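>
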Amino acid sequence: MAAVAALEVEALRHLYGERVALDGVSFTVAPGELFALLGPNGGGKTTLFRITSTLLTPTSGHVRVFGTDVVQDPHGARRRLGVVFQSAAIDPRLTVGENLRHHGHLFGLTGRVLADRTRDALEAVHLTDRVTDMAGTLSGGLQRRTELAKTLLTRPELLLLDEPTTGLDPSARRDVREQLLRFRAQGMTVVMTTHLMDEAAACDRVAILHKGRVVAQGPPSTLVEAVGGDVVVVTAKDPEVLAQKIEARFGTRADRLGDRLRIEKARGHEFVPALVEAFPGEIDSVTFGRPTLEDAFVHFTGEHLA
Amino acid sequence: MMLAVWSLTVRDILRFVRQRSRIVGALGSPILFWFVIGSGLGRSFQGSTPGGGYLEYFFPGTLALIILFTAIFAEISVIEDRQEGFLQGVLVAPVPRMAIVLGKVLGGASLAFVQACLFLLAAPLAHVPLTVASFASTAAVLAVLSVGLTGLGFLIAWSLDSTQGFHAIMNLFLVPMWLLSGALFPAAGAAPWIRVLMRVNPLTYGVEALRLALYGHAGLAAPLALTAAFAAIMLGAGAAIVRRPLKG
Chain P
1 MAAVAALEVE ALRHLYGERV ALDGVSFTVA PGELFALLGP NGGGKTTLFR ITSTLLTPTS
61 GHVRVFGTDV VQDPHGARRR LGVVFQSAAI DPRLTVGENL RHHGHLFGLT GRVLADRTRD
121 ALEAVHLTDR VTDMAGTLSG GLQRRTELAK TLLTRPELLL LDEPTTGLDP SARRDVREQL
181 LRFRAQGMTV VMTTHLMDEA AACDRVAILH KGRVVAQGPP STLVEAVGGD VVVVTAKDPE
241 VLAQKIEARF GTRADRLGDR LRIEKARGHE FVPALVEAFP GEIDSVTFGR PTLEDAFVHF
301 TGEHLA
Chain S
1 MMLAVWSLTV RDILRFVRQR SRIVGALGSP ILFWFVIGSG LGRSFQGSTP GGGYLEYFFP
61 GTLALIILFT AIFAEISVIE DRQEGFLQGV LVAPVPRMAI VLGKVLGGAS LAFVQACLFL
121 LAAPLAHVPL TVASFASTAA VLAVLSVGLT GLGFLIAWSL DSTQGFHAIM NLFLVPMWLL
181 SGALFPAAGA APWIRVLMRV NPLTYGVEAL RLALYGHAGL AAPLALTAAF AAIMLGAGAA
241 IVRRPLKG
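Protein chains in written order, with the numbering used here: chain P, 1 to 306; chain S, 1 to 248.
Here it is as structure tokens:
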């Protein structure tokens, strides 16, 4: 028998009144994976996050955390979960140390064990010298680190994070990502939602969530390969007209994204000169490159994320 | 479970102590009420009060008001916890839902209880006689009433998402509840419809129990039992409302 999945989402649907937020989402995360749910805001990421963290009851379908159903046995699921919300779940009027102690108490930790783990957790996220600071006075990056320290305290099997680097400056962002990689190295399964391509690209596997459905999933490299060839981006004064002309001339689809045209083409280096030759004066600029995860996203959703 | 309750309770007490203005507000305004209303109404008041003057009549009502203010304001923290994001962290912790209710209610209730007891110790200054026995029995009533009113505050705060809404409920519902509890005037001289309202008001029995305990009169058991029942119902309803899953 195969090992139990760290996270199993099966035919999950959720409606807010008439509005469909999740429309039959299924995917599995293996133990020890670093997994990203990539999608635009409003794509259903947060709904999925809230259901998995036991805060919201889905309309139908199942979510299991290491085999424990979050609806049937929320208490059991909570024992296995660590949850990092987008807005810090810390008390601004308590110190960093008090926040950690309180969190430990909620998970039944006391005395020596709590003291040791608190010390280790603070060291791991480099917050030891901030232990007596009021949490409310910390910067966003330090608050996020306090959150991560809380997570280390309870040693969850599955760590869920909602947009873990949103609102952080670049160095704090790098900090959080490095910490997540360390978590994974220690055997923790990490699942995060994100709308940032580079963040998702650093994960083992990615599921692209679009309009309440998983439109693609796999390792970032596999998703990128699906693009097929190179990506040529053209800017033009009249992109609409140019798109029609390109389709007529080369038989290639050109997707319009704002004032730009995006073309997926094998052997792009041969296509670019031909394209420029064909429409003199009509093209402002051409860029050519190997596809990235962003191109894969556009490929699968037909939309830009930004 | 007890660890979680303890931790939540201590947290609320710490938060309270760190906000000096709350201490002044919760204790100061009832004392001001007591002194101004008591002194102002005193001469025109002809009720049959056990202690004699109106300041004495009004004393148990002021105790109830201190409890009400402290308890209710303490539970505003439920709304703040939700807005600050702290509450969701508690909700995803493997803690029995009853522990969350008890933790939040006992935190507010202890604050209310301690403040009311401080005011109670000042009773002799108001010519309200205080013995060890009457202090003990009054404190017991205060403890039960604190849990009941804080539980009510928790229920209201849990269902609201803004502190503004909470203040509206406070003025529309909680202050009238206190006015019609026998705190200000006895039911005997009131209009019949007021008397009906006073009879169905759970706080009436709390104020009655306080009055009986404070002045050492007989018949404490019945109003105290009703007050305890009120507290139990509030806690039960609190657990039910927290357990109710969000449907979004």
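Glycine is no exception: its CB is placed at the ideal position from the N, C-alpha and C atoms.
Only a predicted model underlies this, so the values are computations on that prediction, with no experimental measurement involved.
Hey, does Phe154 of chain S have any beta-carbon neighbour from chain P nearer than 8 Å?
No - not a single Cβ of chain P is within 8 Å of the one on Phe154 of chain S.
> According to the Cβ coordinates, are Arg260 of chain P and Val233 of chain P closer than 8 Å?
yes
> If I'm right that Thr146 of chain P touches Lys45 of chain P with Cβ under 8 Å, what's the distance once you round it to whole angstroms?
No, Thr146 of chain P and Lys45 of chain P are not in contact; Cβ-Cβ is about 23 Å, not under 8 Å.
> Which bits of chain P does Arg15 of chain S rub up against, with CB to CB less than 7 Å?
Residues of chain P whose Cβ lies closer than 7 Å to the Cβ of Arg15 of chain S are, in chain order, Arg93.
> If contacts are defined as beta-carbon pairs under 8 Å, then Thr151 of chain P and Leu138 of chain P qualify, I think. What distance do you get, rounded to the angstrom?
Between Thr151 of chain P and Leu138 of chain P, the beta carbon gap of about 16 Å keeps them out of contact (Cβ cut-off 8 Å).
> Thinking C-beta only, is Ala89 of chain P closer than 8 Å to Gln88 of chain S?
yes
> CB Glu163 of chain P to CB Gln86 of chain P, shorter than 8 Å?
Taking 8 Å as the Cβ cut-off, Glu163 of chain P and Gln86 of chain P qualify as a contacting pair.
> For the pair the region 105-114 of chain S and the region 151-164 of chain S, tell me if three or more CB-CB distances fall below 8 Å.
yes
> One question on the structure: do Val95 of chain S and Leu180 of chain P come within less than 8 Å of each other, judged by their Cβ atoms?
no
> Which whole-angstrom value describes the C-beta separation of Thr54 of chain P and Val29 of chain P, a residue pair presumed to lie in contact below a C-beta threshold of 8 Å?
Incorrect: roughly 17 Å between the Cβ atoms, too far for contact.
> Distance cutoff 8 Å, beta carbons only. Does Gly32 of chain P sit that close to anything in chain S?
no
> Measure the C-alpha to C-alpha separation of Thr132 of chain P and Pro192 of chain S and round it to an integer number of angstroms.
The alpha-carbon atoms of Thr132 of chain P and Pro192 of chain S are separated by roughly 59 Å.
> Looking at the secondary structure, which residues open and close the alpha helix (DSSP H) in which Phe154 of chain S lies?
132-159
> Does any CB atom of chain P fall closer than 8 Å to the CB of Pro50 of chain S?
Because Pro50 of chain S carries a pLDDT of 47, less than 50, the predicted location of this residue cannot be relied on, and the following value inherits that uncertainty. Cβ-Cβ to chain P under 8 Å: no for Pro50 of chain S.
> For a contact defined as C-beta to C-beta under 7 Å, what are the partners of Ala93 of chain S on chain A?
No chain A appears in this structure, whose protein chains are P and S.
> At the 8 Å Cβ level, is Glu75 of chain S part of the contact set with chain P, yes or no?
no
> Rank S:Leu155, S:Ile66, S:Ala136 by C-alpha distance to the C-alpha of Leu111 of chain S and give the top, closest one.
S:Ile66
> Name the residue from P:Val276, P:His195, P:Leu22 whose alpha carbon lies nearest to the alpha carbon of Ser60 of chain P.
The candidate whose alpha carbon is nearest that of Ser60 of chain P is P:Leu22.
> Give a yes or no on whether the minimum CB-CB distance between Ala122 of chain S and chain P is below 8 Å.
no
> Throw me the rounded Cβ distance for the Gly289 of chain P and Glu264 of chain P pair, which I believe falls under 8 Å.
A Cβ-Cβ separation of about 11 Å leaves Gly289 of chain P out of contact with Glu264 of chain P under the 8 Å criterion.
> Relative to the alpha-carbon of Gln72 of chain P, which residue among P:Gly82, P:Val83, P:Asp91, P:Thr52 has its alpha-carbon at the smallest distance?
Restricting attention to P:Gly82, P:Val83, P:Asp91, P:Thr52, the CA atom closest to the CA of Gln72 of chain P is found in P:Thr52.
> Spatial neighbours of Gly17 of chain P within its chain, please: C-beta separation below 6 Å, excluding the five flanking residues on both sides.
none
> Assess contact between the region 95-111 of chain P and the region 1-12 of chain S, defined as three or more Cβ pairs (one per stretch) separated by less than 8 Å. Is contact present?
yes
> On the DSSP bridge list, what partners appear for Gln143 of chain P?
Beta-bridge pairing links Gln143 of chain P to no other residue.
> Check the Cβ of Thr110 of chain P against every Cβ in chain S and list those closer than 7 Å, keeping chain order.
Leu3
> In terms of alpha-carbon separation, which member of P:Ala185, P:Gly141, P:Arg117, P:Leu48 lies closest to Val20 of chain P?
P:Leu48
> In whole angstroms, what separates the C-alpha of Thr129 of chain S from that of Val96 of chain P?
At residue 129 of chain S the sequence reads Pro, which differs from the Thr that was named. Answer to the nearest angstrom: the Cα atoms are 47 Å apart.
> Between the Cα of Met197 of chain P and the Cα atoms of P:Thr189, P:Asp169, P:Thr165, which residue gives the shortest distance?
Nearest Cα to Met197 of chain P within the set P:Thr189, P:Asp169, P:Thr165: P:Thr165.
> Note down, in chain order, every chain P residue with its Cβ under 9 Å from the Cβ of Val147 of chain S.
Ordered by position in chain P, no residue passes the 9 Å Cβ test against Val147 of chain S, which lies about 22 Å from the chain.
> Return no unless some Cβ of chain P is closer than 8 Å to the Cβ of Arg18 of chain S.
Answer yes: the Cβ-Cβ gap between Arg18 of chain S and chain P drops below 8 Å somewhere.
> Which residues in the same chain have their Cβ closer than 6 Å to the Cβ of Arg184 of chain P, if we skip the five residues on either side of it in sequence?
The answer, listed in chain order, is Leu34, Val190.
> Could you please give me the residues that DSSP links to His62 of chain P through a beta bridge?
Bridge partners of His62 of chain P: P:Glu10.
> Where does Lys265 of chain P sit, in a helix, a strand or coil, going by DSSP?
strand
> Return no unless some Cβ of chain S is closer than 8 Å to the Cβ of Leu81 of chain P.
yes
> Gln88 of chain S touches chain P at which residues, Cβ-Cβ below 7 Å?
Leu55, Phe85, Ala89
> Hey, Gly43 of chain P and His210 of chain P are a contact pair by Cβ (cut 8 Å); roughly how many whole angstroms apart?
6 Å
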